[in-house]
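Sequences listed follow chains D and F, in order.
Just so we're aligned, residue 1 is where the first sequence starts under the numbering used here, counting upward by one.
Just so we're aligned, residue 1 is where the second sequence starts under the numbering used here, counting upward by one.
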Amino acid sequence: MMTLIRRELLDNLMTFRFAVAVFIIFLLVVANTAVLIKDHERRLAGHKTEVQKSRNYMSEGKTYSVIELHVDRPPNPLSIFNTGLDKRLGNEIWVYYGHIPTLWDAEKHSSQNPFMNILSSIDIVFIFQGVLSLLALIFAYDTLAGEYERGTLRLVLTHSVSRGHILLAKYISAMVCLLVPTLMSLILALILLTTSPSFSLSMQDFLRIGGIMVASIAYLSVFYLIGMLISSMTRRTSTALMLSMFVWGFLVLVYPNMIVAVIQPSNPPEERKASAHNHIKQIWEAFERERKHYLTTDTHLEGDPYGNLPWRDGYNFEHFQDKVSVLQYYYHAGAEIDGFREARESQVLHVQDYHRFLVPLIIDAAEHTWRVRKPVLEELFVLPATIDKIWLRLSPTGIYDIATQALAGTDLNGIQDFFTAVQQYRQSVIDYYYDKKVFASREWFSFDKAAVDWRTLPQFSFQRSDISINVKRALPDLFLLLMINIVLFIGIFLVFVRREV
Amino acid sequence: MWHIAKRELSDNLNSLRFALATVLLLGLMLTNAVVHLREHPERVQQYRERVSGHQNHIAAHASNGLYDLAQEGPGYLYKKPSNLRFCAEGSETFMSDRAQAGYHRWSTDTLKSFWILAYPSATPNRDNVRPEVTKVDWGFIIGYVLSLVALLFTFDSISGERERGTLRLTLSNAIPRHTVLIGKFLGAFISVSIPFILGVLVNLLVISTSSDVHLDAEAWGRLGIIFFIAVLYTCLFLALGMLVSARVQRSAVSLVVLLLVWVVFVVFMPSTLASIAGRSTSSGPTYDFSERSWKLHEELSSDYYANYDEGPEGSTKRIEIDGAYVTKDAEQQEQLHEERLNRRIAEVHRARAITRLSPVTIVQNLIESFAGTGFERHLQFLENVKTYAREFRTFIVDTDNADPESLHIFGVRTGMSQEPVSPEAVPKFEDTLNLSKDFNTAATELLLLTLFVLVLLSGAYLAFVRVEV
Chain D
1 MMTLIRRELL
11 DNLMTFRFAV
21 AVFIIFLLVV
31 ANTAVLIKDH
41 ERRLAGHKTE
51 VQKSRNYMSE
61 GKTYSVIELH
71 VDRPPNPLSI
81 FNTGLDKRLG
91 NEIWVYYGHI
101 PTLWDAEKHS
111 SQNPFMNILS
121 SIDIVFIFQG
131 VLSLLALIFA
141 YDTLAGEYER
151 GTLRLVLTHS
161 VSRGHILLAK
171 YISAMVCLLV
181 PTLMSLILAL
191 ILLTTSPSFS
201 LSMQDFLRIG
211 GIMVASIAYL
221 SVFYLIGMLI
231 SSMTRRTSTA
241 LMLSMFVWGF
251 LVLVYPNMIV
261 AVIQPSNPPE
271 ERKASAHNHI
281 KQIWEAFERE
291 RKHYLTTDTH
301 LEGDPYGNLP
311 WRDGYNFEHF
321 QDKVSVLQYY
331 YHAGAEIDGF
341 REARESQVLH
351 VQDYHRFLVP
361 LIIDAAEHTW
371 RVRKPVLEEL
381 FVLPATIDKI
391 WLRLSPTGIY
401 DIATQALAGT
411 DLNGIQDFFT
421 AVQQYRQSVI
431 DYYYDKKVFA
441 SREWFSFDKA
451 AVDWRTLPQF
461 SFQRSDISIN
471 VKRALPDLFL
481 LLMINIVLFI
491 GIFLVFVRRE
501 V
Chain F
1 MWHIAKRELS
11 DNLNSLRFAL
21 ATVLLLGLML
31 TNAVVHLREH
41 PERVQQYRER
51 VSGHQNHIAA
61 HASNGLYDLA
71 QEGPGYLYKK
81 PSNLRFCAEG
91 SETFMSDRAQ
101 AGYHRWSTDT
111 LKSFWILAYP
121 SATPNRDNVR
131 PEVTKVDWGF
141 IIGYVLSLVA
151 LLFTFDSISG
161 ERERGTLRLT
171 LSNAIPRHTV
181 LIGKFLGAFI
191 SVSIPFILGV
201 LVNLLVISTS
211 SDVHLDAEAW
221 GRLGIIFFIA
231 VLYTCLFLAL
241 GMLVSARVQR
251 SAVSLVVLLL
261 VWVVFVVFMP
271 STLASIAGRS
281 TSSGPTYDFS
291 ERSWKLHEEL
301 SSDYYANYDE
311 GPEGSTKRIE
321 IDGAYVTKDA
331 EQQEQLHEER
341 LNRRIAEVHR
351 ARAITRLSPV
361 TIVQNLIESF
371 AGTGFERHLQ
381 FLENVKTYAR
391 EFRTFIVDTD
401 NADPESLHIF
411 GVRTGMSQEP
421 VSPEAVPKFE
431 DTLNLSKDFN
441 TAATELLLLT
451 LFVLVLLSGA
461 YLAFVRVEV
């Protein structure tokens, strides 16, 4: 057994293709890592300026009602390995008490050039997807067919070696040959990452990268076994090679792209969207009626809360935000008023009462809207993505991509984690407002007596989910890759054992 | 020569790779046609609805008088979907499908800001959380699959014959080497073309028989050019395959080299170059757009309020001051938006110049520009929008000049003509595609591609002439 492995190993190591494999993987991984690190640094810098800007913006706000809290999504350092949705989806969101923020309300930084998205992006998993699978097939296509052609297979089998052992020896030695460049390039990439000052990788991140390595090895092995299966079934190496190349083209290049284009969400989403939009609109119409009712019953306000307040300077606004495509609908109002011309404090008290009544009503309507909006958003956006993923899993490339995305935390779940944190942040801000009775305060709409002190406001913080959660999300796909490995190996064994030499 | 080509052809036609290539290309082309037939009618329908919405918008404001029309502007202007979108998807989902000709910023008790031309950056792709994939369009099929097929057909054309010893036999006859090479090239070319042409025919058959998609004469002309580009691109990879095959002793080595060259140049070069390009361009100044816009407006409005008391309420002087304020503001802001747009376009141009090193990017850019999608087409759309904006403004001025009772002061209701405007007379926006413009932008890329082909062909020739049998 050991002699077999040693012989195979030497055979593989001395070949031209091994040299080329090492060279290509090194070149691609190192060059791209360097580029990706720079890219990540730029994104991080963008994130930092946005955070700084939002601080400045906050310090300029003088009343509670005009301020929307700005939250910026930091780039995920592991997006170097698999970008996933990290770059594509919105990274800037405004938290407003009257609207529950979701991924679909987020915007992109305005400083970024939107046209740059037309250029395709790359990550390390993408390189592995293409190159590792191709190299595995190039190593595998002649393992059995080649020996058969040269007649050496017959020679080997005349000795008292079991066929299973031969297969195992071939598998192990080729995998060792393929793993050397893979792991070395990954380690080089890691060295580049750790020497870059903008990356601070925690222990958990290293574990995640370890998980990505495991997935890469499993993926490599799947393609090696596919090549071996083809090689064991064909008599000539050239046939094996042709078949392998077309299988590669289909599984890696064609299938993942084709399947997503072919699948269409089954139910007509437009109607669903329209009815939900109507429902939400009704909620806000009811709210508006109640608001109008309050304004007409309070005789001091006469229909306009600020109308009877003769003020010197400032502004107020009020409008309904309506964006049908993502079911965004809410009432937005605020005022920033500086001092009143004559002291009509009783009038101010009435305005305060109005807000004490109104803001809880807005929050209530927002919760109500969320109950309608959430399932529709799931159905419109998340469900098609889930169905796509199921179909993508028919190709090992798809499984590998999904598994590494889950490990890196750049999949939909990872992004949603962030927005869940934003929703919790909104809730904590509202609780804080209730605690301090901010709604009924004068600072809600006017800063003539005192400007708002923003320092005591809850701060937003976001921790990426724990490694155990990431692993749990990736585990089914890793398991699937493993299963495919085992099934393929059994298949090869059965074919090879029955084969006549 | 023809004899050699015929022999090669019959060799190839019986091979496994021919069957597999035919199946693969046919399947892809069919998928492409089916997806296009499913998606295109929706797109056209949506565009029609939007255009009629635009016309209703204009009609509604025209009936309110000239001031309203001049203040509101023509509203959203939409990009017309290309009926050749199945040839190249062209990252259309990453670009805005509209321009905003009516962007309101402020209003006071008496005045309202005038419309300006703004370029929204929201793209149809932002809300999409589906996995990111390359669209299966002609660009993908030609750029990736056809080039791979071309390599698989040529990797053993010379080294394989040498291995079997038949090359020696052929050359022992009184045939010059270049004739052998050309014969082989033609044979391989025809055998790659057959599956491709089959695929194209099936694709076009499915698309043109459907009643939802209309391809006019111009579209067929464009398709012809795209087909020609595909042929040129196939030649490039055939020549590359021959070159390597002539230089290398064994066909297995030849294939390994070719595949790795292919992977590097076709799969990774475009993305890597794009990353490098994206990095190098965004290092420019990133001052805050909204802050600058706000500052400009603040300066102007403080000037305005400083002169506020010069004209008493209702006097002509006052109307003049008001009108100057509003028009100047609109002018400044529109210029700001345009500057930003131009800067962004320049960045993309620089980035795209770098990515042109990869042949697949060249071919995809070419197909995009002839299919009427992609970035060049977006620029054409923006050009159309600007032309229309000028036309619309000229119309407002002319209509106002035609009214003798008007004060001819723009920006204020009382300064402008009070006559009703007939909605039919207002110019409507119609987005058009222009082939001659495409040709200008595509010429460089076409020449570059031809250059690549010629270099590789002569390389293959030299390599084969010097080969020892």
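Glycine included, each C-beta is placed from N, C-alpha and C at the ideal position.
- Close partners of G90 of chain D in chain F (Cβ separation under 8 Å): R126.
- Under a criterion of Cβ atoms nearer than 8 Å, the residues of chain D adjacent to T31 of chain F are, in order, M258, A261 and V262.
- In this structure the segment 360 to 375 of chain F lies against the segment 84 to 98 of chain F, because at least three pairs of beta carbons, one per stretch, are closer than 8 Å.
- Residues of the same chain with their beta carbon placed closer than 7 Å to that of G314 of chain F are lacking, with the five preceding and five following residues left out of the count.
- For the segment 381 to 415 of chain D, the set of positions with a beta-carbon nearer than 7 Å to some beta-carbon of chain F reads F381, V382, P384, A385, D388, K389, L392 and L412 in chain order.
- For E313 of chain F, the closest Cβ of chain D is not nearer than 8 Å.
- Counting of Cβ neighbours within 10 angstroms places I486 of chain D among the exposed residues, the total staying below 16.
- DSSP places D72 of chain D in the uninterrupted beta strand (DSSP E) bounded by L69 to D72.
- Using a Cβ distance threshold of 8 Å, G75 of chain F and A101 of chain F count as a contacting pair.
- Setting aside the 5 residues that flank it on each side, E107 of chain D is surrounded in the same chain by G90 and E92, each with a C-beta closer than 6 Å to its C-beta; the list follows chain order.
- Comparing alpha carbon positions, the residue from D:D205, D:T182, D:M203 and D:V254 closest to S221 of chain D is D:T182.
- Rounded to the nearest angstrom, the gap between the Cα atoms of M184 of chain D and R464 of chain D is 28 Å.
- Within chain F, no residue has its CB atom less than 9 Å from the CB of D298 of chain D, the nearest being about 25 Å off.
- Taking a cut-off of 8 Å for Cβ pairs, the segment 393 to 407 of chain F and the segment 134 to 151 of chain D do not touch, as fewer than three such pairs fall below it.
- Considering only beta carbons, the part of the segment 343 to 355 of chain F lying closer than 9 Å to chain D consists of R343, R344, I345, E347, V348, A351, R352 and T355, in chain order.
- In this chain, I93 of chain D is not harboured by any alpha helix (DSSP H); it is covered by the beta strand (DSSP E) spanning E92 to V95.
- Under DSSP, D477 of chain D takes part in no beta bridge, so it has no partner.
- In the DSSP annotation of this structure, the continuous segment of the beta strand (DSSP E) that includes L77 of chain F starts and ends at G75 to Y78.
- With respect to chain F, the C-beta atom of L475 of chain D has no partner C-beta closer than 8 Å.
- For chain D, the residues of the segment 263 to 275 of chain F that bring a beta carbon within less than 9 Å of one of its beta carbons are V263, V264, V267, F268, P270, S271, T272, L273, A274 and S275, in chain order.
- V254 of chain D and L449 of chain F have their C-alpha atoms spaced approximately 25 Å apart.
- Taking the Cα of E320 of chain F as reference, the smallest distance to any Cα among F:I141, F:V412 and F:L300 is reached at F:V412.
- DSSP, reduced to helix, strand and coil, places R373 of chain D within a helical segment of the structure shown.
- Taken through DSSP and simplified to helix, strand or coil, S96 of chain F comes out as coil.
- Going by beta carbons, A70 of chain F and F114 of chain F fall inside the 8 Å limit.
- Around A277 of chain F, the beta-carbon contacts reaching into chain D at under 7 Å are L119.
- Look at the segment 234 to 257 of chain D: the residues with a C-beta under 8 Å from a C-beta of chain F are T237, S238, T239, L241, M242, L243, M245, F246, G249, F250, L253, V254, P256 and N257.
- Using a Cβ-Cβ cut-off of 8 Å, Y78 of chain F does not count as an interface residue toward chain D, since no Cβ of chain D sits closer than that to its own.
- CA-CA distance, W391 of chain D to I484 of chain D, rounds to 16 Å.
- Cβ neighbours of K112 of chain F within its own chain (closer than 7 Å, five residues either side excluded): Q71.
- About 5 Å separates the beta carbons of I492 of chain D and L229 of chain D, which is inside the 8 Å limit, making them a contact pair.
- T444 of chain F counts as exposed, since fewer than 16 other C-beta atoms from the protein chains shown sit within 10 angstroms of its C-beta.
- In this structure, DSSP gives A118 of chain F an extended state, which the three-state scheme calls strand.
- Between the segment 1 to 10 of chain D and the segment 163 to 178 of chain D, the count of Cβ pairs shorter than 8 Å is three or higher; the stretches touch.
- When C-beta distances to chain F are compared with 9 Å, the residues of the segment 315 to 348 of chain D below that value are S325 and V326, in chain order.
- Assignment of D304 of chain D by DSSP, reduced to helix, strand and coil, places it in the coil class.
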